[in-house]
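Novice: Note that the protein sequences, when read in sequence, are chains A and B. Heads up: the first sequence begins at 105 in this note's numbering, then just goes up one per residue. Heads up: the second sequence begins at 105 in this note's numbering, then just goes up one per residue. We treat Cβ as the ideally placed atom computed from N, Cα and C, and that holds for glycine. Everything numeric in this text was worked out from a predicted model, so none of it was measured.
There are 2 protein chains.
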Amino acid sequence: MDLMTDAGEDLVDAAELITEDELRLAARNHGMPLEALRYPITPVGLHYLLIHYDIPEVDEASFTLTIAGRVRRPTTLTLADLQTRPAAVAAVTMECAGNGRAHLKPRPISQPWLLGATGTAEWTGTPLRSLLEEAGLLDDAVEVVFTGLDHGVEKGVEQDYQRGLPLAEAMRTETLLAYAMNGQPLLPQHGFPLRLVVPGWYGMTNVKWLTRITVVAQPFAGYQQVRGYHLRTDDDDPGTPVTRMMPRALMVAPGIPDFLTRRRFVRPGSHRLRGRAWSGWAPIRAVDVSVDGGRTWAAGQLEAQPSGFAWCGWSCSWTASPGDHELCCRAIDESGRQQPLDIPWNVGGYANNAVQRIHVTVTDQPGDVLEPAV
Amino acid sequence: MDLMTDAGEDLVDAAELITEDELRLAARNHGMPLEALRYPITPVGLHYLLIHYDIPEVDEASFTLTIAGRVRRPTTLTLADLQTRPAAVAAVTMECAGNGRAHLKPRPISQPWLLGATGTAEWTGTPLRSLLEEAGLLDDAVEVVFTGLDHGVEKGVEQDYQRGLPLAEAMRTETLLAYAMNGQPLLPQHGFPLRLVVPGWYGMTNVKWLTRITVVAQPFAGYQQVRGYHLRTDDDDPGTPVTRMMPRALMVAPGIPDFLTRRRFVRPGSHRLRGRAWSGWAPIRAVDVSVDGGRTWAAGQLEAQPSGFAWCGWSCSWTASPGDHELCCRAIDESGRQQPLDIPWNVGGYANNAVQRIHVTVTDQPGDVLEPAV
Numbered sequence: 105m106d107l108m109t110d111a112g113e114d115l116v117d118a119a120e121l122i123t124e125d126e127l128r129l130a131a132r133n134h135g136m137p138l139e140a141l142r143y144p145i146t147p148v149g150l151h152y153l154l155i156h157y158d159i160p161e162v163d164e165a166s167f168t169l170t171i172a173g174r175v176r177r178p179t180t181l182t183l184a185d186l187q188t189r190p191a192a193v194a195a196v197t198m199e200c201a202g203n204g205r206a207h208l209k210p211r212p213i214s215q216p217w218l219l220g221a222t223g224t225a226e227w228t229g230t231p232l233r234s235l236l237e238e239a240g241l242l243d244d245a246v247e248v249v250f251t252g253l254d255h256g257v258e259k260g261v262e263q264d265y266q267r268g269l270p271l272a273e274a275m276r277t278e279t280l281l282a283y284a285m286n287g288q289p290l291l292p293q294h295g296f297p298l299r300l301v302v303p304g305w306y307g308m309t310n311v312k313w314l315t316r317i318t319v320v321a322q323p324f325a326g327y328q329q330v331r332g333y334h335l336r337t338d339d340d341d342p343g344t345p346v347t348r349m350m351p352r353a354l355m356v357a358p359g360i361p362d363f364l365t366r367r368r369f370v371r372p373g374s375h376r377l378r379g380r381a382w383s384g385w386a387p388i389r390a391v392d393v394s395v396d397g398g399r400t401w402a403a404g405q406l407e408a409q410p411s412g413f414a415w416c417g418w419s420c421s422w423t424a425s426p427g428d429h430e431l432c433c434r435a436i437d438e439s440g441r442q443q444p445l446d447i448p449w450n451v452g453g454y455a456n457n458a459v460q461r462i463h464v465t466v467t468d469q470p471g472d473v474l475e476p477a478v
Numbered sequence: 105m106d107l108m109t110d111a112g113e114d115l116v117d118a119a120e121l122i123t124e125d126e127l128r129l130a131a132r133n134h135g136m137p138l139e140a141l142r143y144p145i146t147p148v149g150l151h152y153l154l155i156h157y158d159i160p161e162v163d164e165a166s167f168t169l170t171i172a173g174r175v176r177r178p179t180t181l182t183l184a185d186l187q188t189r190p191a192a193v194a195a196v197t198m199e200c201a202g203n204g205r206a207h208l209k210p211r212p213i214s215q216p217w218l219l220g221a222t223g224t225a226e227w228t229g230t231p232l233r234s235l236l237e238e239a240g241l242l243d244d245a246v247e248v249v250f251t252g253l254d255h256g257v258e259k260g261v262e263q264d265y266q267r268g269l270p271l272a273e274a275m276r277t278e279t280l281l282a283y284a285m286n287g288q289p290l291l292p293q294h295g296f297p298l299r300l301v302v303p304g305w306y307g308m309t310n311v312k313w314l315t316r317i318t319v320v321a322q323p324f325a326g327y328q329q330v331r332g333y334h335l336r337t338d339d340d341d342p343g344t345p346v347t348r349m350m351p352r353a354l355m356v357a358p359g360i361p362d363f364l365t366r367r368r369f370v371r372p373g374s375h376r377l378r379g380r381a382w383s384g385w386a387p388i389r390a391v392d393v394s395v396d397g398g399r400t401w402a403a404g405q406l407e408a409q410p411s412g413f414a415w416c417g418w419s420c421s422w423t424a425s426p427g428d429h430e431l432c433c434r435a436i437d438e439s440g441r442q443q444p445l446d447i448p449w450n451v452g453g454y455a456n457n458a459v460q461r462i463h464v465t466v467t468d469q470p471g472d473v474l475e476p477a478v
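(1) Nearest chain A C-beta to D428/B closer than 8 angstroms, yes or no?
(2) Are S411/B and A195/B touching if we call contact CB-CB under 8 angstroms?
(3) Checking 8 angstroms against the spacing of the C-beta atoms, do A435/A and Q443/A come in under that value?
(4) Just the Cα atoms here: how many angstroms apart are G135/A and L241/B?
(5) Sorted by chain position, which residues of the same chain lie with C-beta nearer than 6 angstroms to C432/A's C-beta, five sequence neighbours on each side aside?
(6) Report the residue from L354/A, A381/A and D437/A whose alpha carbon sits nearest the alpha carbon of R389/A.
(7) Using a Cβ-Cβ cut-off of less than 9 angstroms, give me the residues of the stretch 141-160 of chain A that come near chain B, in sequence order.
(8) Rounded to whole angstroms, what is the Cα-Cα separation between T465/B and G453/B?
(9) Buried or exposed: which applies to P345/B, given that a residue is buried once 16 or more other Cβ atoms fall within 10 Å of its Cβ?
(10) Can you give me the C-alpha to C-alpha distance between Y306/B and W382/A, rounded to a whole angstrom?
(11) In angstroms, rounded to a whole number, what distance separates the CA positions of W217/A and H207/A?
(12) Can you list, in chain order, the residues of its chain with a C-beta nearer than 8 angstroms to that of G471/B? Leave out the 5 residues immediately preceding and following it.
(13) Does the Cβ of G304/B have 16 or more other Cβ atoms within 10 Å, making it buried, or fewer, making it exposed?
(14) What is the rounded straight-line gap between the Cα of R368/A and the Cα of D468/A?
(15) Any idea what DSSP makes of D472/A, helix, strand or coil?
(16) Whose C-beta lies closer than 7 angstroms to the C-beta of P426/B among residues of the same chain, with five residues either side of it excluded?
(17) Determine the chain B residues that contact I462/A at a beta-carbon separation under 8 angstroms, and present them in chain order.
(18) Please state the DSSP three-state secondary structure of S394/B.
(19) Using three-state DSSP, classify M308/B as helix, strand or coil.
(20) According to DSSP, which residues form a beta bridge with D264/A?
(21) Nearest to F296/B by CA position, among W313/B, V193/B, V261/B and P270/B, is which residue?
(22) Got a sec, what are the start and stop residues for the beta strand (DSSP E) Y283/B sits in?
(23) Taking the alpha carbon of V302/B as the point to measure from, which residue in V248/B, R352/B, P351/B and H334/B has its own alpha carbon closest?
(24) Using the Cα positions of E238/B and L232/B, report the straight-line distance between them to the nearest angstrom.
(25) Can you confirm whether S166/A, when its beta carbon is compared against all beta carbons of chain B, has any partner nearer than 8 angstroms?
(26) My understanding is that M355/A touches G379/A, with C-beta atoms under 8 angstroms, so please give their C-beta distance in whole angstroms.
(27) Would you mind giving the Cβ-Cβ distance between R316/A and T251/A, rounded to the nearest angstrom? I have them listed as a contact below 8 angstroms.
(28) Taking the continuous beta strand (DSSP E) assigned at S374/B, which residues delimit it?
(29) Quick one: which chain B residues come within Cβ less than 9 angstroms of I360/A?
(30) In the DSSP assignment, what are the bridge partners of S419/B?
(31) In the structure shown, what three-state DSSP assignment does L138/B receive?
(32) Candidates S439/A, L154/A and D446/A: which alpha carbon is nearest Y309/A's?
(33) Our contact map puts Y283/A next to L298/A with C-beta atoms below 8 angstroms; I'd like the distance itself, whole angstroms only.
(34) Between the stretch 254-262 of chain A and the stretch 355-366 of chain B, are three or more C-beta pairs nearer than 8 angstroms?
(35) For R128/A, which residues in chain B fall below 7 angstroms Cβ to Cβ?
(36) Taking DSSP as the reference, what is the three-state secondary structure of R276/A?
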């Protein structure tokens, strides 16, 4: 298709363009607008969404979860069966493994996430561990495979969405079969009526519309396990699997935006920069903040982290002087992992946790600043 | 930024590309995945969202709505004041005036909607009419201006989001000040704590985060009224204002998708095509369906339309034979307005209600069909 600006005169630079495939994905898969970092629990509808195929239509009355494979007592449960079991509630930050992909150069063509593929929900569910214990794991069990009701085609492979999880992760006390989100039944797009929640792992692990749990004696070799979600340097590299979320801090952009360009304008004077930070590997140790594009850094003030698996609020004062500034924030966790300044490139565009950079113009007259040339 | 496919080998055709400005908007502004047409009331979080600036942070306790201007008794109300007034509940279909913009050639650069900028919610609120009557309209009142708490810059103009509405529309009994959506308090992104709902009009009319209602004696000349939301043939054309939603039918794409391309695969045999249709001008009279790209049409079966302002379900049987097919649907309303086959171009890319076209491949072996060359 041909392009024109709103004013009708200019073609745009092809080096900065996104494909129609990416647009179709971006129109379906919702990012969280980053001003929503102000909420410790993301309001329903602002939590990010990545849906591989279509949202399946699930009839609650006929829905069942089957637990089978390498167990002594295979079993099938209804949603009511699951809801009468002991319940746990946990605030968990989730992030798509592709978050930040659209900043990679060259850019892998898939869901073109900027930085919004995240959110924190309060999940209610029943611990998976006790269900597996009651089913009776056989001695040769090594992994647990989770099958969703979403069904489609990917790289020529027709499939139900399926992921495997090492047995030790499945048996963690925090691993939930969740049927409620922020105190309400799961919405269709978040996996109604049941989904897996594995705190600390990237989003692809948390299988939605979960209908089957299969304990297996061999590592799972399905599409999403061995082709998708690997860090590869090139197509011949077998790569390493994507697992837990790398540390990341994000900031609420201060000031006000321009509608089209999202360029930010900030009044001169005293401001409090705010954001949240998380890591799937360990609690957050520190968030450092820079207001000069990363040349100098100051320690942000951390709020108490509500749990080991939910993001941690941080803030930092800033006296804004007129002119252009680049604001950055950088998390380090208790395991010593910290965000890189340079983007960690890989073929699939996964786990890009390079520091966020926000360009702002400090001025008393935002309306008088010329729009940047497109 | 440079581009590559997931397999690492190809550059893409620049003629089909989307700008970074458009991607930033697409990442913030959520479309409804069209399989959600299956729901008569769109689940929370799947309803489309267009947010000009940032979602404002509103403190319910200190929130007020002021009614002022050309009235005898200016007044200020709290949310509790509004909630103790007579309440009305209405299912209303809403659509962004820019829905379909990304299909225009050349493409105006703004929020690049495909076809998902729609949704139907059940709004609860209090009728505006009685509030205006109690305030006492002065004889010279001609329009009502609605001001939201969202604030930003657009084409060099710093502004609160504001729209004017002719007095007769403001005084319609269906026009609501809504504080609940689908039975729950408004979510932040849908205008918490209060928004305007004018059934039948495109989305820009339904001012969110509504804090001020000003009755005026002259037509409102703010940015969103005289620069935005006009149908113009070129930049020198004063144009005509965008008002009510043009008729549109949409279909749930049958079959299953390919993840990346959203290409659809359907099993051979008997299927029921389903969708919904609406118009802001009049109830839906008919939805016609074509399975041969618009060469021949058959009448779809209409469900009862739940109200004059909510979409109407339709369906049509289809016997799918192997091969490629183009499915289309086309609404006509009781005013005689019907969807065009050709796209109605205008500078701002508004009100493109050309018929939807869905390409499907009917096959027993979706996984064996080669992916299209990128």
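Specialist: On the basis of the coordinates in this document:
(1) no
(2) yes
(3) yes
(4) 44 angstroms
(5) S394, G398, V459 and R461
(6) D437/A
(7) R142, Y143, P147, V148, G149, L150, H151, L153, I155, H156, Y157, D158, I159 and P160
(8) 30 angstroms
(9) exposed
(10) 40 angstroms
(11) 8 angstroms
(12) none
(13) buried
(14) 13 angstroms
(15) helix
(16) P372, V466 and T467
(17) Correct list: empty, because the minimum Cβ distance to chain B is about 12 angstroms.
(18) strand
(19) helix
(20) H255/A
(21) W313/B
(22) L280 to M285
(23) V248/B
(24) 10 angstroms
(25) no
(26) 4 angstroms
(27) 4 angstroms
(28) G373 to W382
(29) Y157, D158, H255, G256, V257 and E262
(30) R378/B and Q405/B
(31) helix
(32) The sequence shown places Thr at residue 309/A, not Tyr. Selected option, being the one with the closest Cα: L154/A.
(33) 6 angstroms
(34) yes
(35) L218 and R366
(36) coil
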